[in-house]
Every structure is written in C-alpha cells, then in structure tokens.
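S.K.: Chains as they are written, first to last, in our numbering: chain W, 110 to 364; chain Y, 8 to 297. Every residue gets a Cβ at the ideal spot worked out from N, C-alpha and C, and that includes glycine. This is the structure I have questions about; it appears just below.
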Amino acid sequence: MKRVGGEPLIVKNMSFAYDGKEIFNNLNLEINAGDFCSIIGPSGCGKTTLLNLLAGFLQPNTGHIRMHDRDIIPEDPLLGYVFQTSALFPWLTALENAEFGLKMVGVGQKERQKTAQSYLDLVGLSEFGDYLPHRLSGGMQQRVSLARTLVNNPHLLLMDEPFGALDALTREVMQDELLRIWHDLGQTVIFITHDIDEAVYLSDRIIVLNVAPNGIFTEINSVLPRPRSGPKTRTDNMFWEYKKSLIQHITDVHH
Amino acid sequence: MAKRRFSYAWLSIPAVLLVWFLLAWFLAWSGEWGELFDRFENQLRLPQSWTVVYSGYEELFPLVDLSGSGIRAFQWDNELFKNMYVSLFREVVGFGSALILALIVGAATGFFKPFRQFMYPITALFQSVPPIAWAPIMVLVFTSPFYQSLTASVFSLAVLSVIFIAGFFPMVVTIQEGVLQIQGSDVKAARVLGAKGWQLYRYVYFPASLPFITTGMRLGFSYAWRALVAAEMLGVEFGIGQLILTGDATGKTPLILLGVTIIGGISFLFEAFIFKRIEAHYSEWSHTNA
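See the structure below:
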C-alpha cells in the first residue's frame, strides 16, 4: 500500500438533462490527483447525479468526463465508489465482500483473502471477517464498504455521503479514519456531503453546487493545515473562520 | 448451556389423536347396530388410529400364503410401497420440469417488462383455476390414440400435466418477485467493483434472488403434491390417490386414512428436512415472506 499518483479528473463543457429538466449546463471542473475535494449543496441540487456522472453510471448529453485521456466507465479499475448506505452484498461475509473486486478480475482465493484481510485490518475490523453485514453496526458496515472499495486500489474514490446515516460520534471517528487512510494511500477523493463541518474538516477544496442547472458554482480552497487531528482542528479558530466564510458563500449562492 | 424451550407444537399430534379417538368412539356408539363394529369403533365408517396403523402393517407384511395359515412376512414389492414410489416419481418428474421451466420464465419475466406484462394475465388465469379442474380435459387430450401408449403406463401425461400446472405458476410468480427485488445499489456496487456481463448474473442476480427461488420451490412442491394426489383419483394406475380410491371401493376404510396419513407425512418430511433447512440458510439476511 503506497501513495498512488495519477492524472487529474477533467470535466469539460458537460451538460446533462434528465426527463427534460436541465441539471447541469456547461460544467467545467478539474480535480488534481491526490486532492480531497468535497461537493456540498442542498438536497436536490444534483450532488448524487454529479457523482453518478463522474462514475459513468450516467452519460453526459454533451461534453465529457475523462481521466487518463479516457471516458470514465463504472467498471474502470481506477474507480472506487462508496455508497450512501452501505451497499454490501447481504449474502456475503465481510471478508467475502472485501474480496469481491479481486474475484472479478480472477485473483486466486488464497491471495485475495490475504489482501482483503489486510484491508479489513486497515479499517480496524480484523476480527469481523466472518460476519454477515446485517450483524455489523452502521459504522462497521461503512468501514467494510470502504475496505471493499480500497482493495481494488482505486486512484479516484467517489464517496456519496458515506457517513450521512451514522450518529455524530461515529461520524467523527470515521472522518478521522478516512483522513488517516487517505493520507497513507493518497487517492483523489470526491466526497459528497451536506454537512458543513464535515466538508471543512476533511477537504482541500470545497465546491458549492448551485441549485440546478449548475453552470456556475463557488469553490473555496482550504487553508487548514494538515495533518488534521480531531478535537484540536475542530476547535481551532481557523476552522471557525473557514466555516464562517463557507456559510457566507453558501448563503450567497442561494440568494 | 441454553435451556431447551418447550414448544407447544408437541401437543398438536396427541390432540388430533384424542379428537380422532373420541369421534370414532362416538360414531361407533351411536351407529347402526348390526354393522361391523365393536365397542370402540365402526371400521366401515371411521376406524380408530390403531386400526389404520394395523392396516399399514397388513400392507407391508402381506400373507405368505392364502391357505389360511395367517403367517405374514415383509415384502419390498408390496402394494403400499409401489403406490408411494409411483406418486413420488410423478411428483419428481412433474415438479422438476415445472421448476426448470419456471426458473427460465420467472427470470425472463423479472428482467423484461414487456414479457412480464404479457405473462401476467396467463399467470392470473392459471392461478385462479384449481389445478384439478384441468384434469378431465387433460385425460381426454392425453388418451387420444397418439398418446395412448404413454398414458397406459404409470408415467401418466394427464397427471403430470396437472402437477405441472399446479407447481409452475406459483414458482414463476415467486421467482419473478425475486428478480424484481434485487437492489439497484447491489448491481451498481458490483459494477464499480469490476463485475461485467455474466459476472453480474453469477455473483449478484443469482445469489440475490436465491431466497425467493427456494421459497418458490417450497410453494411449488406443496401445490404440485396436493394436485398430484387429487389427479391420481381420476383413473390412473397406482399412486396414493389410487390407494385411497381402492380403500373406498373395497370397503377398506382404514386404507383411506392410511393414504391421507402418508400424503401428509411425505409432505411434512420434505418441508422439515429439505425446504425449511434451505430456507433457514437464507433467513438470516433475507426478508422473503411468501
């Protein structure tokens, strides 16, 4: 497990309409390799739609979304996706879930078990490989989801409000875990959230999506130093200043 | 050590036997004098349970010779076993073919909406008609000269087609439900993990619908079994349905109840030792309520 490099993700002149309703109009966006980028915005502004476009589940009507000079498709091995509620396969154990990606590319059982186990270790679930998902708590399920995604060693990690369904305390623990793992592995992360504190705490960049159609959006770069550490960062004056300016931006966007 | 909880299920069989005993006793006591009866039962109207058990013994241990020696010996090729084999054989063939076809049709209706729309009225028609209602027409169809040779044997196409109708449609509906309830998020998750083409069927669609497939099998088997026994009463050779008819025709009332007991017993064995066990395997994560 080492830092992965890679090329930027480029969204160029992208437009998308669904059911005749324009959701994105001529969107341009470039996200550098290794960046932690959050996308924030109110419900219904098209956050999840944008992520589905970035993952290739939806096709833009015009323009393109590319990484390494090729259009992104869901099956791209460089792509990882963590869903809002854990989309773990309920019939597979935690370890078997983590093995799934390797199994699809034909890695032998011994090797993929070993690799999958190392990622369960990474997310702190060494002892839970035999558990079926429904026996794990919400936080643990999301950890398995994260491990399952990381096993494929993706360069681009798309996360759709992955901690949205967790209680506040678990969410903070998971945020720190995610930062630790991201710091070690160095993927590009695009993280969708509606939680301002979460966006401020995690990101290098925050993109504020306007209500559809989102031709224009506001973007703020973070000034918070890394590494960030739980209580110290969260109570830092800079954290509050940054949060305040972000709220100001969001208010501007919506009026 | 976990304490084993008492289940009231253990009371049900004694309760049934008690009611049976009282009913048979009352019938004997209030019955017409002069008929064949003793103090406890009227064997022609409602025999007691022990008489039924004894009739089973008589079937399994036929008289060795007819000279009146009264010596009985166990024989493998006794009538009772023959009837059971034939019924089970018909069930396996009829239910098995219904299952194979239901898997194909159920998957097809689940995945393709136009085909689902097309099949809906057909399924509704067949499910609203009791399968046994098809039996007379099937007998007419399959006793035409073309099928004569087949119909004469224990492999009765008329009976098999009734079992097929009984088992096929409930299984199609359940398997279709299994396909329809597959979570879109599971499919998306598999795709971003690299699953393509047939891998999606093998590793997502199939395991996700397995609980429904097994529930469908359980339903289909019991529907087919019930229809089978009914269909066997419409003039075929052998089978438990025929055993019951023979008992009625020859005045051996215990044989009727013996047949009923065997029908229930076989069905119970399949439920308890095969289908319940398969279902228990999935009950942990699945929420099928069929």
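Using the DSSP secondary-structure output, state which residues sit across from I119/W in a beta bridge.
M.R.: The residue labelled residue 119/W in the question sits at position 10 within the first sequence. E139/W, R175/W, per the DSSP bridge assignment.
S.K.: Along the chain, which unbroken stretches of the alpha helix (DSSP H) at least 4 residues long are found entirely within the stretch 18 to 82 of chain Y?
M.R.: 56 to 67
S.K.: Which residue comes first and which comes last in the beta strand (DSSP E) that contains D269/W?
M.R.: Against the first sequence, residue 269/W aligns to sequence position 160. 265 to 269 is the span of the beta strand (DSSP E), which, as asked, contains D269/W.
S.K.: Take F282/Y and list the residues in its own chain whose beta-carbon comes closer than 6 Å to its own, dropping the five residues that flank it on each side.
M.R.: Numbered from 1 along the second sequence, position 275 holds the residue referred to as residue 282/Y. Within the same chain, F282/Y has close Cβ partners R225.
S.K.: Enumerate in chain order the residues of its own chain whose CB-to-CB distance from P177/Y is below 8 Å, with the five nearest sequence positions on each side excluded.
M.R.: Taking the first residue of the second sequence as position 1, residue 177/Y is located at position 170. Q134, G223, L226, G227, Y230, listed in sequence order.
S.K.: Note down the Cα distance separating R337/W from A287/Y, rounded to an integer number of angstroms.
M.R.: To locate residue 337/W, count along the first sequence from 1; it is residue 228. To locate residue 287/Y, count along the second sequence from 1; it is residue 280. Approximately 48 Å, taken between the alpha carbons.
S.K.: State the DSSP-derived secondary structure class of K352/W, mapped to helix, strand or coil.
M.R.: Within the first sequence, numbered from 1, the residue matching residue 352/W stands at position 243. Helix at K352/W.
S.K.: With DSSP run on the structure shown, which of helix, strand or coil describes V222/Y?
M.R.: Numbered from 1 along the second sequence, position 215 holds the residue referred to as residue 222/Y. The sequence shown places Thr at residue 222/Y, rather than the Val named in the question. T222/Y: helix per DSSP, three-state reduction.
S.K.: Does any C-beta atom of chain Y lie closer than 7 Å to the C-beta of L241/W?
M.R.: Along the first sequence, one-based indexing puts residue 241/W at 132. Yes, L241/W counts as interfacial toward chain Y.
S.K.: Report buried or exposed for G246/Y, applying the criterion of at least 16 other Cβ atoms within 10 angstroms of its Cβ.
M.R.: As a working mapping, residue 246/Y is identified with position 239 in the second sequence. Buried, by the Cβ-count rule.
S.K.: What are the residues that DSSP puts in a beta bridge with I301/W?
M.R.: In the first sequence, counting from the first residue as 1, residue 301/W sits at position 192. DSSP lists I148/W, D269/W as the beta-bridge partner residues of I301/W.
S.K.: Taking only the alpha-carbon atoms, compute the straight-line gap between L118/W and L106/Y and give it to the nearest angstrom.
M.R.: Indexing the first sequence from 1 puts residue 118/W at position 9. Indexing the second sequence from 1 puts residue 106/Y at position 99. Approximately 50 Å between the Cα atoms of the pair.
S.K.: Apply the 10 Å Cβ neighbour rule to V309/W and answer buried if 16 or more other Cβ atoms are within range, or exposed otherwise.
M.R.: Here residue 309/W refers to the residue found at position 200 when the first sequence is read from its first residue. Under this definition V309/W is a buried residue.
S.K.: Can you list the residues of chain Y that L188/W reaches, using a CB-CB cut of under 7 Å?
M.R.: Numbered from 1 along the first sequence, position 79 holds the residue referred to as residue 188/W. Near L188/W (Cβ distances below 7 Å), the residues of chain Y are V199.
S.K.: What in chain Y is Cβ-close to A196/W, meaning under 8 Å?
M.R.: Taking the first sequence and counting its residues from 1, one reaches residue 196/W at position 87. Those are Q190, S192, D193, K195, A196, listed as they occur along chain Y.
S.K.: CA-CA distance, R12/Y and W200/W?
M.R.: Numbered from 1 along the second sequence, position 5 holds the residue referred to as residue 12/Y. Numbered from 1 along the first sequence, position 91 holds the residue referred to as residue 200/W. Looking at the two C-alpha atoms, the distance is approximately 29 Å.
S.K.: Using a Cβ cut-off of 7 Å, pull out every chain W residue sitting near P214/Y, in sequence order please.
M.R.: Along the second sequence, one-based indexing puts residue 214/Y at 207. In chain order: W200.
S.K.: What does DSSP give as the partner residue(s) for D255/Y in the beta ladder?
M.R.: As a position in the second sequence, residue 255/Y is number 248, starting the count at 1. Its beta-bridge partners do not exist; DSSP assigns none.
S.K.: Of all Cβ atoms in chain W, is any one closer than 7 Å to the Cβ of W205/Y?
M.R.: On the second sequence, position 198 is the one that residue 205/Y refers to. For W205/Y, the answer is no, since every Cβ of chain W falls outside 7 Å of its Cβ.
S.K.: Thinking just about the alpha-carbon of each residue, which of A35/Y, P69/Y, T58/Y, E86/Y is nearest to the one in T253/Y?
M.R.: Locating residue 253/Y in the second sequence gives position 246, counting from the first residue. The shortest Cα separation from T253/Y among A35/Y, P69/Y, T58/Y, E86/Y belongs to E86/Y.
S.K.: Looking only at C-alpha atoms, which of R79/Y, L200/Y, D193/Y sits nearest to P214/Y?
M.R.: Within the second sequence, numbered from 1, the residue matching residue 214/Y stands at position 207. Cα-wise, what sits closest to P214/Y is D193/Y.
S.K.: Let me see if you follow: with CB-CB separation under 7 Å, is W292/Y close to chain W or not?
M.R.: Residue numbering aside, residue 292/Y sits at position 285 when the second sequence is read from its first letter. Interface residue, yes.
S.K.: If I follow the unbroken alpha helix (DSSP H) through V199/Y, where does it start and stop?
M.R.: Along the second sequence, one-based indexing puts residue 199/Y at 192. It spans 191 to 199 - the alpha helix (DSSP H) in which V199/Y sits, taken as one unbroken run.
S.K.: Quick one: is A202/Y near chain W, going by C-beta distance under 7 Å?
M.R.: Numbered from its first residue, the second sequence carries residue 202/Y at position 195. It does: the Cβ of A202/Y has a partner Cβ on chain W nearer than 7 Å.
S.K.: Can you give me the start and stop residues for the alpha helix (DSSP H) that G73/W sits inside?
M.R.: Only positions 110 to 364 of chain W appear in this structure, which leaves residue 73/W out of reach.
S.K.: Hey, L217/Y and M213/W are a contact pair by Cβ (cut 8 Å); roughly how many whole angstroms apart?
M.R.: Position 210 of the second sequence, counted from the first residue, corresponds to residue 217/Y. Position 104 of the first sequence, counted from the first residue, corresponds to residue 213/W. The pair is not a contact, with the Cβ atoms about 19 Å apart (cut-off 8 Å).
S.K.: Could you tell me whether the Cβ of T344/W comes closer than 7 Å to any Cβ of chain Y?
M.R.: Taking the first sequence and counting its residues from 1, the one referred to as residue 344/W is at position 235. No, because no Cβ of chain Y sits closer than 7 Å to the Cβ of T344/W.
S.K.: Answer yes or no: do L255/W and V232/W have a C-beta to C-beta separation smaller than 7 Å?
M.R.: Along the first sequence, read from residue 1 onward, the residue named residue 255/W stands at position 146. Along the first sequence, read from residue 1 onward, the residue named residue 232/W stands at position 123. Going by C-beta atoms, L255/W is nearer than 7 Å to V232/W.
S.K.: Within this structure, are the beta carbons of Q251/W and S195/W separated by less than 7 Å?
M.R.: What you label residue 251/W is simply residue 142 of the first sequence in a count that begins at 1. What you label residue 195/W is simply residue 86 of the first sequence in a count that begins at 1. Closer than 7 Å, so yes.
S.K.: How about T181/Y: is its Cβ closer than 6 Å to a heavy atom in the ligand COA?
M.R.: In the structure on display, the ligand COA does not appear, and there are no ligands present to speak of.
S.K.: Which of the three DSSP states, helix, strand or coil, is assigned to T327/W?
M.R.: What you label residue 327/W is simply residue 218 of the first sequence in a count that begins at 1. Strand, per DSSP.
S.K.: I want to see whether chain Y comes within less than 7 Å of M213/W, judged by CB atoms only; does it?
M.R.: By one-based count along the first sequence, residue 213/W stands at place 104. By this cut-off, M213/W is an interface position.
S.K.: For a test of the three-state rule: what should DSSP assign to Y210/Y, helix, strand or coil?
M.R.: Position 203 of the second sequence holds residue 210/Y. Looking at Y210/Y - three-state DSSP - the assignment turns out to be helix.
S.K.: Roughly how many whole angstroms lie between the Cα atoms of I144/Y and S168/Y?
M.R.: Against the second sequence, residue 144/Y aligns to sequence position 137. Against the second sequence, residue 168/Y aligns to sequence position 161. Roughly 11 Å separates the two Cα atoms.
S.K.: Check the C-beta distance from P54/Y over to P261/Y and give it rounded, since I have them as a contact under 8 Å.
M.R.: For the purposes of this step, residue 54/Y is taken as the residue at position 47 of the second sequence. For the purposes of this step, residue 261/Y is taken as the residue at position 254 of the second sequence. P54/Y to P261/Y, Cβ: 5 Å. Contact.
S.K.: Applying a beta-carbon distance threshold of less than 8 Å, which residues of chain Y neighbour V277/W?
M.R.: Here residue 277/W refers to the residue found at position 168 when the first sequence is read from its first residue. Looking at the sequence itself, residue 277/W is Ala, so the reference to Val does not match. What A277/W touches in chain Y: nothing, since even the nearest Cβ is about 25 Å away.
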